[in-house]
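Each remark here refers to the structure printed beneath this line.
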Amino acid sequence: MTVLERLWVWRVRAACEMALASRGGDELVDDARTEAAWYADLLHPWDGCGCEPDARVHAWLSILMARRTVAAHPLER
Numbered sequence: 023m024t025v026l027e028r029l030w031v032w033r034v035r036a037a038c039e040m041a042l043a044s045r046g047g048d049e050l051v052d053d054a055r056t057e058a059a060w061y062a063d064l065l066h067p068w069d070g071c072g073c074e075p076d077a078r079v080h081a082w083l084s085i086l087m088a089r090r091t092v093a094a095h096p097l098e099r
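Everything in the sequence shown is counted per my numbering, starting at 23 for the first residue and increasing by one.
Given below as structure tokens:
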């Protein structure tokens, strides 16, 4: 992943986390981060050496994006 792609990833991550924070505060952001880390670890284990693999970054973002979508459109009860 190039430097410009990394910048894009950080912007998307920040936008998702801000949207989550506006819906559920720090608890929701922390929960989403925990789920994203678990998902990335499950699908794309990484030893922390070198650059984080692209597939792992995308798995992480996919959880944040999904959580943002759910937070923006909660189910009506």
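Note that CB positions come from ideal geometry on N, CA and C, so glycine has one too. The structure presented is a predicted model; accordingly, all values stated were derived computationally and were not measured.
Taking the alpha-carbon of residue i as reference, which of the options has the nearest alpha-carbon?
i	options	result
residue 1	71, 77, 30 and 81	It is not possible to answer for residue 1, since the shown part of the chain is limited to 23 through 99.
residue 63	92, 78 and 96	78
residue 59	24, 25 and 86	86
residue 94	57, 39 and 27	39
If I follow the unbroken alpha helix (DSSP H) through residue i, where does it start and stop?
i	result
residue 87	76–94
residue 50	25–65
Taking all protein chains shown into account, do 16 or more other C-beta atoms lie within 10 angstroms of the C-beta of residue i, making it buried, or fewer, making it exposed?
i	result
residue 73	exposed
residue 33	exposed
What does a CB cutoff of less than 7 Å around residue i pick up in its chain, not counting 5 residues either side in sequence?
i	result
residue 75	66 and 68
residue 90	38, 41 and 42
With a threshold of 6 Å on Cβ separation, who are the neighbours of residue i within its own chain once the five nearest residues in sequence on each side are excluded?
i	result
residue 50	42
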